[in-house]
Every structure is written in C-alpha cells, then in structure tokens.
C-alpha cells in the first residue's frame, strides 16, 4: 500500500488523502516511510513550479512545545502554513500527554486540513483506539478517516540487530 501511494503521490496529495501509519513498536520505519513519500511528492510537485512552499514536516511533541513559545505573529504564520500547504506530516502524534492548549493547536490543524481537503500523513505508536483515548473521538475520526496502516515486526534501528558488537559476548 505504501508503495502504491508513493507511485501515485501527486494524485494522493491532490485528492487530499490521509494516511495514519502506526505501530505499537518503535524503530519500524514509520517516519522513514512518510519522509520517502514527502521526498517523492516534492520531486514530482516542484518540477517547473519554482520555489513555492508545498509541504511541512512536524514532529508533534516539538511543534506543540514551540507553539507555546512563539510570539503571536510567529504562531499564526506557522499555523497558517500547516493549514494551507499541500502536504503536512504530523510525526509521532499522541507521543506525549497533551494539555488543553496542545489539543486546541492539534484540533485547529487537523480539523482545518480535513475540512479543506488537504493531504496529511500521521505517524504514531498508538492504535486508533488508543489514539482516541489521547486526543478524543472527533480528532481520531478525522485522522483515521481514510487509510489506516499498522506496521509489524522488529526494530530496524542500529544496535538492535542479531549481530553482536565488538567487545560484547
């Protein structure tokens, strides 16, 4: 499914499609997969289109932290970008306990993109049911309204392989 999305990424984005890619485990490549989709989209979309901003990658815990520190002008500029760009990746949604303010920021972005038919890629370590417990039914319903994929397997990160490092037994 991810390969099919990548092969037709331009139409995926034009059609305002949504992907929720999750895995109970870390290190399976969720972020890597959505970044590949992002790179493919930028390669296709930017041919002959100059330097127009088209996409945004946001690690959700950092985005929410920064949203608290922005001055009003910067906050609105970032939110306007997140709400208007063709493609946005919200990586690691539900990774931290959210305050009411955090949920307001997420709600604004998720709901606006959904209503405007903008394509969004989400990654998480939460199942859809667990996500609902963290962000509520309304936002979970929008996030999981199109393609929901679960990755299974073991970590691909360095140091988690079956091979023993030097000096280890």
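Residue numbers (the numbering used here): 5 to 173. No residue lacks a Cβ here, since even glycine has one placed at the ideal position from N, Cα and C. Here the structure is a predicted model, which is why all the values come from computation and not from measurement.
Practice prompt. Quickly, what does DSSP pair residue 62 with across the bridge? List them, please.
Written response: In the DSSP assignment, residue 62 forms a beta bridge with 94.
Worksheet item: What do you reckon, are the CB atoms on residue 124 and residue 96 nearer than 8 Å?
Response: The Cβ atoms of residue 124 and residue 96 do not sit closer than 8 Å to each other.
Worksheet item: How would you write the range of the beta strand (DSSP E) that residue 126 sits in, first residue to last?
Response: 123-128 is the span of the beta strand (DSSP E), which, as asked, contains residue 126.
Discussion item. Tell me whether the region 60-72 and the region 90-109 touch, counting them as touching only if at least three CB pairs, one residue from each stretch, are closer than 8 Å.
Written reply: Of all C-beta pairs linking the region 60-72 to the region 90-109, three or more are shorter than 8 Å, placing the two stretches in contact.
Worksheet item: Per DSSP, what kind of secondary structure is residue 152 in: helix, strand or coil?
Response: In this structure, residue 152 counts as strand in the three-state DSSP scheme.
Item to complete: Could you tell me the distance, in whole angstroms, from the CA atom of residue 110 to the CA atom of residue 29?
Response: Going by the C-alpha atoms only, they are around 23 Å apart.
Item to complete: Taking all protein chains shown into account, decide if residue 168 is buried (16 or more other Cβ within 10 angstroms of its Cβ) or exposed.
Response: Because the pLDDT of residue 168 is 38, which lies under 50, any placement of that residue in the model is unreliable, and the number read from its coordinates should be weighed accordingly. Classification of residue 168: exposed, given that the 10 Å Cβ count is below 16.
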